[in-house]
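Numbering (the working numbering), first residue to last: 16 to 642.
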């Protein structure tokens, strides 16, 4: 079996760099923690969206699928045929459930009028907001321009916009959706390369039984029902494939008529059916990413250091119509484990995304119910969950000087340090560092934990979220980790460490959107993988070395530029031809061009904090390497 690239950094390999005293490290540009008062608020806002709910999840967001399968599966074969689905759709329409995610169908990007199809009261629910006492410092007033860009935000009246064409998305003006070109399978030459080969653009043909397939997928979104279709790839036909729209809140941001993310279960009807060895496909729409490359680039870099999902581009044709370029991302399942760890045994968790995150592995006592959300257990049983709880307890209760002895037998620490370095070095806004969500956990046969990227589409952009400027991420009150850490709700407040060098004090001013300090937020106890682990000197040392290696090599445009150029050449014509894309072709060109802004100012708004890729790589590398 071929050894993945990421295994090359293990002890005994040529790539492995042994740790040496922290004092001998070359200078890293991780500034002393000093900032204007606004920075504390910026970090407060970052941590706000990543705090665990008191118990569970806000209603309607990231919850369990509505179970309909058993109720309507008359022949008890484990899936619904067309007749069974018709009865299930009729039931849904007569018994609607609360919409999942802010905005439901259409979401903030829809073009309709106030209220739309939802009406007031569908967004959020009880407990959807910050916990008591968690907020900005007393008397805080946001600086000028601090807020969402024009046209972005909830619709007037709290309802959903309608579902017609056009509208504004996170990337500004969204082109009106029109019918795409008709493409026949016979016109496409078969590919012979591996499914995730990044050098080819494979076409996936999906044929549904119903012309109203989009409406049917909408009806069954948020349920356990897949819609059957026939899939054709490289001239081979695969019948009985189960398909559903992916996403919760992200789904609600895309109106009908535009491309939405798809999940394909090749084995729904025939449990032995595979597409080139794979039983599940995740086809992502690249919403908020005008470059359409973030996931592919992140996967390309991450797989050099750790186990990470493969990703490449595919073209999707539905019922004969071209629906454009999708990102094809490998599923985190037993096949992934066998490929990367040599065995599919063990336990898997997906740490689901939500507006408030909460998946930082903070210790919540020994009651398993406190860990059901957002840790979605995909395999393993009660014993595996007990080990996850024990990991949280070890992180919470073990003194810093004793942590290595307690942690190393139960955790792949080297892989963890690379996981964190990638997360912050490439500024992944959907990940552990900022949101404490949207990543995966694997407990192997030897009872050691591994951490794996999941959502990678919001990397390579300025720090912060919508309406949150990325500048001024250096330091700030209580930002520099170590013993005696403050809780996140103490950020920006008066305290014993206020003004101490490395813990706060005045700032030289705001920087560019790429100036996210790799040691920011280390006082946040809700994210012990960084606050506790990086408090250990030898771990912090290796982590900083990892960040430096990413900056020196992976973010060097001499290395990254050819990868971007090859990807752009592969998909450029297809992107130009898209009629249901989520941002303009001009935005795609601006995001992927060789030109850049000197100050790192965004040239395109493919999503919050979006930058030209070269502008990001050059500015981020400079920030991480300058003395």
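The beta-carbon is built from N, C-alpha and C at its ideal position, and this holds for glycine as well.
task = Reducing DSSP to helix, strand and coil, say where residue 223 ends up.
result = Translated into positions along the chain shown, residue 223 becomes position 208. Residue 223: strand per DSSP, three-state reduction.
query = Count the other CB atoms within 10 Å of the CB of residue 151; is the residue buried (16 or more) or exposed (fewer)?
reply = On the chain shown, position 136 is the one that residue 151 refers to. Any reading at residue 151 needs caution, since the residue's pLDDT is 43, under 50, leaving its predicted position unreliable; the model's value is listed next. Around the CB of residue 151, 16 or more other CB atoms lie within 10 Å, so the residue is classed as buried.
Selected residue, minimal CA-CA separation from residue 637, among 590, 530, 433, 355 = In the chain shown, the residue the question calls residue 637 occupies position 622. For residue 637, the nearest C-alpha among the options comes from 530.
query = Does DSSP classify residue 443 as helix, strand or coil?
reply = The sequence position of residue 443 within the chain shown is 428, counting from 1. Residue state for residue 443 is assigned as coil, using DSSP reduced to three classes.
task = Find out if the Cβ-Cβ distance for the pair residue 343, residue 329 is shorter than 8 angstroms.
result = What you label residue 343 is simply residue 328 of the chain shown in a count that begins at 1. What you label residue 329 is simply residue 314 of the chain shown in a count that begins at 1. One thing to note: residue 343 has its Cβ within 8 angstroms of the Cβ of residue 329.
ask   = In chain order, which beta strand (DSSP E) runs of at least 3 residues are fully inside the region 403-469?
value = Runs of the beta strand (DSSP E) inside the region 403-469: 454-458, 464-468.
request  = Return the chain-ordered list of same chain residues with a C-beta closer than 6 angstroms to the C-beta of residue 247, the five sequence neighbours on each side being excluded.
outcome  = Translated into positions along the chain shown, residue 247 becomes position 232. Within the same chain, residue 247 has close Cβ partners 200, 220.
request  = State buried or exposed for residue 213, treating a residue as buried only when at least 16 other CB atoms are found within 10 Å of its CB.
outcome  = Against the chain shown, residue 213 aligns to sequence position 198. Here residue 213 is buried, its C-beta having at least 16 other C-beta atoms within 10 Å.
request  = Could you tell me which of 101, 93, 374, 216 sits nearest to residue 588, measuring between CA atoms?
outcome  = To locate residue 588, count along the chain shown from 1; it is residue 573. Nearest of 101, 93, 374, 216 to residue 588, Cα basis: 216.
task = Assign residue 553 to buried or exposed, taking buried as 16 or more other Cβ atoms, counted over all protein chains shown, within 10 Å of its Cβ.
result = For the purposes of this step, residue 553 is identified with residue 538 of the chain shown, where counting begins at 1. Exposed, since its Cβ has fewer than 16 Cβ neighbours within 10 Å.
task = Keeping to the same chain, check which residues put their C-beta closer than 8 angstroms to that of residue 460; ignore five residues upstream and five downstream.
result = Within the chain shown, the letter at position 445 stands for residue 460. Leaving aside the five residues that flank residue 460 on each side, the residues in its chain whose CB is nearer than 8 angstroms to its CB run, in chain order, 358, 360, 361.
inquiry  = Just to confirm before moving on: does the CB-CB distance between residue 635 and residue 570 stay below 8 angstroms?
reply    = Numbered from its first residue, the chain shown carries residue 635 at position 620. Numbered from its first residue, the chain shown carries residue 570 at position 555. A contact, by the Cβ cut-off of 8 angstroms.
key: Same chain only: Cβ atoms within 6 angstroms of residue 385, ignoring 5 sequence neighbours per side   = Working through the chain shown from its first residue, we reach residue 385 at position 370. By the criterion of a C-beta distance shorter than 6 angstroms, residue 385 is surrounded in its chain by 379, once the five residues flanking it on both sides are discounted.
ask   = Per DSSP, residue 293 is paired with what?
value = Counting from one through the chain shown, the residue named residue 293 turns up at place 278. The partner list for residue 293 (beta bridge, DSSP) reads 290.
ask   = On the three-pair Cβ rule with 8 angstroms, is the region 447-466 touching the region 558-574?
value = With a cut-off of 8 angstroms on Cβ pairs, the region 447-466 is not in contact with the region 558-574, counting fewer than three such pairs.
task = Give the straight-line distance between the Cα atoms of residue 574 and residue 315, rounded to the nearest whole angstrom.
result = Numbered from 1 along the chain shown, position 559 holds the residue referred to as residue 574. Numbered from 1 along the chain shown, position 300 holds the residue referred to as residue 315. Straight across, the Cα-Cα distance linking residue 574 with residue 315 is about 12 angstroms.
Residue nearest to residue 551 in terms of C-alpha spacing, selected from 534, 564, 239 = The sequence position of residue 551 within the chain shown is 536, counting from 1. For the residues 534, 564, 239, the minimum Cα distance to residue 551 belongs to 534.
ask   = Taking buried to mean at least 16 other C-beta atoms within 10 Å of its own C-beta, is residue 353 buried or exposed?
value = As a working note, residue 353 is residue 338 in the chain shown. Only exposed fits residue 353, as fewer than 16 other CB atoms lie within 10 angstroms of its CB.
task = Pick helix, strand or coil for residue 338, following the three-state DSSP scheme.
result = Your numbering for residue 338 matches position 323 in the chain shown. Residue state, collapsed to three classes: strand.
task = Over the uninterrupted alpha helix (DSSP H) stretch that includes residue 107, give me the two end residues.
result = Position 92 of the chain shown, counted from the start, is the residue given in the question as residue 107. Start and end: 97-109.
Anticipated Cβ contact below 8 angstroms, residue 283 with residue 255, distance rounded = Here residue 283 is taken as the residue at index 268 of the chain shown, counted from 1. Here residue 255 is taken as the residue at index 240 of the chain shown, counted from 1. About 6 angstroms separates the beta carbons of residue 283 and residue 255, which is inside the 8 angstroms limit, making them a contact pair.
ask   = Excluding the five sequence neighbours on either side, which residues of its own chain have a C-beta within less than 7 angstroms of the C-beta of residue 229, listed in chain order?
value = Taking the chain shown and counting its residues from 1, one reaches residue 229 at position 214. So the qualifying residues of the chain are 271.
ask   = Does the region 599-612 come close enough to the region 301-314 to have 3 or more Cβ pairs within less than 8 angstroms?
value = Contact check between the region 599-612 and the region 301-314: three or more CB pairs, one atom from each, fall below 8 angstroms, which counts as touching.
message = Using the Cβ count rule (16 or more neighbours within 10 Å means buried), how would you classify residue 639?
response = As a first step, residue 639 is located in the chain shown; it is residue number 624 there, counting from the start. A buried status is given to residue 639, since no fewer than 16 other beta-carbon atoms sit within 10 Å of its beta-carbon.
task = Decide if residue 111 is buried, meaning its Cβ has at least 16 other Cβ atoms within 10 Å, or exposed.
result = Taking the chain shown and counting its residues from 1, the one referred to as residue 111 is at position 96. Classification of residue 111: exposed, given that the 10 Å Cβ count is below 16.
ask   = Does the distance from the CB of residue 626 to the CB of residue 463 come in under 8 angstroms?
value = On the chain shown, position 611 is the one that residue 626 refers to. On the chain shown, position 448 is the one that residue 463 refers to. Contact: no.
message = Considering only their Cβ atoms, is the gap separating residue 203 from residue 223 smaller than 8 angstroms?
response = Looking up residue 223 in the chain shown gives position 208. Looking up residue 203 in the chain shown gives position 188. Going by C-beta atoms, residue 223 is not nearer than 8 angstroms to residue 203.
message = At 4 residues or longer, what runs of the alpha helix (DSSP H) sit wholly inside the region 549-623?
response = Within the region 549-623, the complete alpha helix (DSSP H) runs of at least 4 residues are 552-564, 572-592, 600-607.
task = Could you give the DSSP three-state label for residue 374: helix, strand or coil?
result = Within the chain shown, residue 374 is the residue found at index 359, counting from 1. DSSP places residue 374 in coil when its eight states are reduced to three.
ask   = Which residues mark the beginning and the end of the alpha helix (DSSP H) in which residue 392 is found?
value = By 1-based counting over the chain shown, the position of residue 392 is 377. Where residue 392 is concerned, there is no enclosing alpha helix (DSSP H), although the beta strand (DSSP E) it sits in stretches over 390-394.
inquiry  = Below 8 angstroms on the Cβ atoms is my contact criterion, and I expect residue 249 with residue 206 to pass it. Report the Cβ-Cβ distance as a whole number of Å.
reply    = Position 234 of the chain shown, counting from 1, holds the residue named residue 249. Position 191 of the chain shown, counting from 1, holds the residue named residue 206. About 6 angstroms separates the two Cβ atoms, so the contact holds.
task = Could you spell out where the beta strand (DSSP E) holding residue 260 opens and where it closes?
result = Counted from its first residue, the chain shown places residue 260 at position 245. Per DSSP, the unbroken beta strand (DSSP E) holding residue 260 starts and ends at 251-260.
ask   = Can you tell me where the alpha helix (DSSP H) with residue 316 in it begins and where it stops?
value = Position 301 of the chain shown, counting from 1, holds the residue named residue 316. 309-317 is the extent of the alpha helix (DSSP H) around residue 316.
task = Would you mind stating whether residue 544 and residue 435 have Cβ atoms separated by less than 8 angstroms?
result = As a working mapping, residue 544 is identified with position 529 in the chain shown. As a working mapping, residue 435 is identified with position 420 in the chain shown. The answer is yes: Cβ separation under 8 angstroms.
request  = Taking only the alpha-carbon atoms, compute the straight-line gap between residue 107 and residue 595 and give it to the nearest angstrom.
outcome  = Counting from 1 along the chain shown, the entry for residue 107 is found at position 92. Counting from 1 along the chain shown, the entry for residue 595 is found at position 580. The C-alpha of residue 107 lies about 27 angstroms from the C-alpha of residue 595.
key: DSSP state of residue 207 mapped onto helix, strand, coil   = Within the chain shown, the letter at position 192 stands for residue 207. In the structure shown, residue 207 sits in coil (DSSP, three-state: anything other than H, G, I, E or B).
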